[in-house]
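Participant:
Numbering (the numbering used here), first residue to last: 1 to 92.
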């Protein structure tokens, strides 16, 4: 079942991020999509629309140093999100 609320969609991307980070093979496209969606979430945008309209070409003119910086911020954000979701779901 696909979530349609921003929180539900973000939970799906939290799982996708965990899989991408723990996978033995690199998943740069998954990480970039997750980065995009998480930034839209933090901006308060509608994630259903953001997910439907996502195109990897948004990264074409972004310097690699900027992507690296934003991926590091994503790592911090996802760690906080995971802790918050674990507490909310009573997993602590």
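Backbone N, C-alpha and C fix where the C-beta goes; we use that ideal spot for every residue, glycine too.
#1: To test your reading of the DSSP string, which unbroken beta strand (DSSP E) runs of 3 or more residues are found completely within the region 40–89?
#2: If you follow the alpha helix (DSSP H) that residue 24 is part of, which residue opens it and which one closes it?
#3: Roughly how many angstroms separate the alpha carbons of residue 26 and residue 88, rounded to a whole number?
#4: Can you find the residues in the same chain that come closer than 8 Å, C-beta to C-beta, to residue 37, ignoring five residues on each side of it along the sequence?
#5: Which of helix, strand or coil does DSSP assign to residue 5?
#6: Within a Cβ cutoff of 8 Å, which residues of the same chain sit near residue 77, ignoring the five residues on either side of it in sequence?
#7: Drop a sphere of 10 angstroms on the beta-carbon of residue 83, count the other beta-carbons inside from all chains shown, and report buried for 16 or more, exposed for fewer.
Facilitator: Quick answer:
#1: none
#2: On the chain shown, position 24 is the one that residue 24 refers to. No alpha helix (DSSP H) holds residue 24; DSSP gives it neither H nor E.
#3: Translated into the one-based positions of the chain shown, residue 26 becomes position 26. Translated into the one-based positions of the chain shown, residue 88 becomes position 88. Each residue's Cα considered, the two are about 30 Å apart.
#4: Mapped onto the chain shown, residue 37 falls at position 37. Once the five neighbours on either side are set aside, the close Cβ partners of residue 37 are 9, 10, 13, 47, 50, 51 and 54.
#5: Counting from one through the chain shown, the residue named residue 5 turns up at place 5. When secondary structure is reduced to three states using DSSP, residue 5 falls in the coil class, being assigned neither helix nor strand.
#6: Within the chain shown, residue 77 is the residue found at index 77, counting from 1. Here the set comprises 38 and 42.
#7: Sequence index remark: in the chain shown, residue 83 carries index 83 (1-based). Exposed, by the Cβ-count rule.
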